[in-house]
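Protein chains: 2
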Amino acid sequence: MILTVTLNTALDITYRVRSLRPHASHRVSDVLERPGGKGLNVARVLAALGHEVTAAGFAGGATGRTVRDRLTDTPRVRDALTPVAGPTRRTIAVVDELTGDTTQLNEPGPQVTPAEWAAFQERYAELLDGASAVALCGSLPPGVPVGAYAGLIRAARTVGVPVLLDTSGEALRRGVAARPDIVKPNAGELAELTGSHDPARATEDARRRGARAVVASLGAEGLLAVTPQGRWHAAPPARVHGNPAGAGDSAVAGLLSGLVERLPWPDRLARAVALSAATVRAPAAGEFDRGTYEQLAGRVPVTFSRVA
Amino acid sequence: MILTVTLNTALDITYRVRSLRPHASHRVSDVLERPGGKGLNVARVLAALGHEVTAAGFAGGATGRTVRDRLTDTPRVRDALTPVAGPTRRTIAVVDELTGDTTQLNEPGPQVTPAEWAAFQERYAELLDGASAVALCGSLPPGVPVGAYAGLIRAARTVGVPVLLDTSGEALRRGVAARPDIVKPNAGELAELTGSHDPARATEDARRRGARAVVASLGAEGLLAVTPQGRWHAAPPARVHGNPAGAGDSAVAGLLSGLVERLPWPDRLARAVALSAATVRAPAAGEFDRGTYEQLAGRVPVTFSRVA
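Protein chains in written order, with the working numbering: chain A, 670 to 977; chain B, 670 to 977.
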């Protein structure tokens, strides 16, 4: 079983409108709802790849109930979310029908009490027993301490469960220092962490801060990884057009499934890139176009160089 | 008991953002949720005025559950909503903190089946027994026939319950022909119904189409009414600044409470204008600023002229 942690779960809502105009009134032509938050997207992709997944994190209020109802309908994903009194946040993506451009509105998430955070940590410790790997994903809701991921990483390392971290800002900075097996920042998160906009230099720096491996997702440039063996680069053979939402989450699912299946790094990276590209081609985050994935899976070039 | 009908109930959500920019990502700083749809706003204002109200209409899905939970917490409002399988719509008002300007996103509402529509009509007929007046308010959800209000008006007239209609488009056109006691269009709805942008002429025309009285809400210009006695005009003594959402619904509550209390027309109109102004001064639709209301209530000038 792979354990995913989503402390700031969400009900992701997608609206289609003709064209969003500030201060006007719009009829929404189409409404799509799905469980969201990076960790739940990762869980869905892992499950679609055939892995058993346990989804931990928080859920509360009417939106939390909807998220849990939907999870129940997802094969191979077990709901292990901890109840909170505050309501799970909504995120609203307003897609212009004419251009495909998206305007995003994100609620802040529920205020988590110290007792709720303690209840989560207890549940997490239980779930680690039986987990083959852990993914810690996304932002922290109000009330969860900024060192939360560092503590969860140490707990996983103590019992020998490999752990991947995908977050940003101070939560990432503190998490990296707790020595996770993999961190997966995007270009912006990497630059914020290291102060460098040169991905080669920044990935090295991030690794020196404590991560065993750093895999940076660079959009159309693919993945740049620094592992104990050296530096790897994997990119799709041709540019993929579509909606990039969730591509990073699919990369995480690719890396984590590859780790659990004990694939060598080039195969993990090729899978992660193929899944990302297949997600860009799918209409919603946490989904991927299986045709694109299968077509790309064996065709992603991976290059290697020893770190100087 | 006053009966309100809200066929397209809503969960009204208000977001505060710094400034809405298309195709950008926004953190919502403040989230407000309340039951919506014109009829539920009318019900809340009537209840605040001390009237017992029964709220009929449809509710379904997780959003419908939230709407019903909130109604249960509202004193003097009895929930008599008919369950539907489809989810109650959300409306989202995105308020710019800098300017107060609002961008509106409205979901379409659930598809109502013929069996659900039949169940509502049966419930409505039962509720008419014991009602002192009925308000039929707002848009029709998909699946409800466009002549719905006309049928509901005839049913009320048959049992001698006075009925007010507040809707738009073809539902208004057909409803007026069924001879409601009062219709309350705004300037745009009145112009669409009659083809005339002259409020004096258009209100006359609307009355000739079948309404016993026509009360047009003209924003800052107040209310223009044509009744069997003649023409009335009521306007606030000074311009009121604020958020006009819900001002029309408060006018409906003022007119209907005045009808039930057998107030003469000038007093009904003065109350409706004072409540509208007090709603403009309140932060959300379905609420009014009681201080403003009480201060204005005796100070709204009403003029009268015989129709030529």
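From the three backbone atoms N, C-alpha and C, an ideal C-beta is built for every residue, glycine too. All values reported here derive from a predicted model rather than from experimental measurement.
A794(B) has its alpha-carbon roughly 24 Å from the corresponding atom of G927(B). Taking all protein chains shown into account, G799(A) has fewer than 16 neighbouring C-beta atoms within 10 Å of its C-beta and is therefore exposed. Within 10 angstroms of the beta-carbon of S974(B) lie fewer than 16 other beta-carbons, which makes it exposed. Per DSSP, L689(B) lies in no beta strand (DSSP E) and is assigned neither H nor E. Contact between G915(B) and N710(B) holds: their C-beta atoms lie close to 5 Å from each other, under 8 Å. L862(A) and V813(A) have their alpha carbons spaced roughly 20 Å apart. Looking at the DSSP output, H902(A) sits in a beta bridge with L893(A), T972(A).
Identification of residues in the segment 772–785 of chain A having a C-beta nearer than 9 Å to some C-beta of chain B yields T772, Q773, L774, N775, E776, P777, given in sequence order. Three or more beta-carbon pairs drawn from the segment 803–810 of chain A and the segment 822–842 of chain A are found closer than 8 Å, and the two stretches are therefore classed as touching. By DSSP's assignment, A724(B) forms a beta bridge with T673(B), D748(B). Listed along chain B, the residues sitting closer than 7 Å to Y684(A) by beta-carbon distance are L774. Within chain B, no residue has its beta carbon less than 9 Å from that of T757(A); the closest one is some 11 Å off. Each of R876(A), Q898(A), A907(A) was checked against the Cα of A889(A), and the nearest Cα belongs to A907(A). As the crow flies, the alpha-carbon of W934(B) is around 13 Å from that of P970(B). S919(A): not part of any beta strand (DSSP E); member of the alpha helix (DSSP H) spanning 916–929, first to last residue.
Per the C-alpha coordinates, the member of T743(B), A784(B), L833(B), I761(B) positioned closest to L680(B) is I761(B).
When C-beta atoms of the segment 683–699 of chain A are compared with those of the segment 687–700 of chain B, three or more pairs fall below 8 Å, so the two segments count as touching.
Residue range 959–966 is occupied by the alpha helix (DSSP H) that includes Q964(B). Ranked by Cα distance from R881(B), the options S801(B), R931(B), P849(B), S698(B) are led by P849(B). Distances from the alpha-carbon of A951(B) to those of A943(B), L932(B), G911(B) put G911(B) closest.
Distance between A819(B) and V746(B), taken at the CA atoms: about 25 Å.
Looking from the CA of A846(B), the closest CA among G857(B), R703(B), P779(B), V883(B) belongs to V883(B).
Between K853(B) and L821(B), the gap from beta carbon to beta carbon reaches 8 Å or more. In the structure shown, T772(A) adopts extended strand secondary structure according to DSSP, grouped into three states. Beta-bridge pairing by DSSP links V763(A) to Y684(A), T772(A). Pairing L715(A) with A825(A), the inter-Cα distance amounts to about 20 Å. At the C-beta level, L750(A) and A725(A) come within 8 Å of one another. Bridge pairing for A885(A): L893(A) [DSSP]. Rounded to the nearest whole angstrom, the C-alpha separation of A728(B) and E776(B) is 14 Å. For R876(B), none of the residues of chain A pass the 8 Å Cβ criterion, the least Cβ distance being about 29 Å. Within the DSSP secondary-structure output, I822(B) pairs in no beta bridge. Checking the DSSP bridge columns, you'll see D835(B) partnered with C806(B). Judged by DSSP in its simplified three-state form, V753(A) adopts coil rather than helix or strand.
Across the segment 724–745 of chain A, CB contacts with chain B closer than 9 Å involve G730, A731, T732, R734, T735, D738, in sequence order along the chain.
At a beta-carbon threshold of 7 Å, none of the residues of chain A lie near V813(B); the nearest stands roughly 17 Å away.
Nearest CB-CB separation between S837(B) and chain A: not below the 8 Å threshold.
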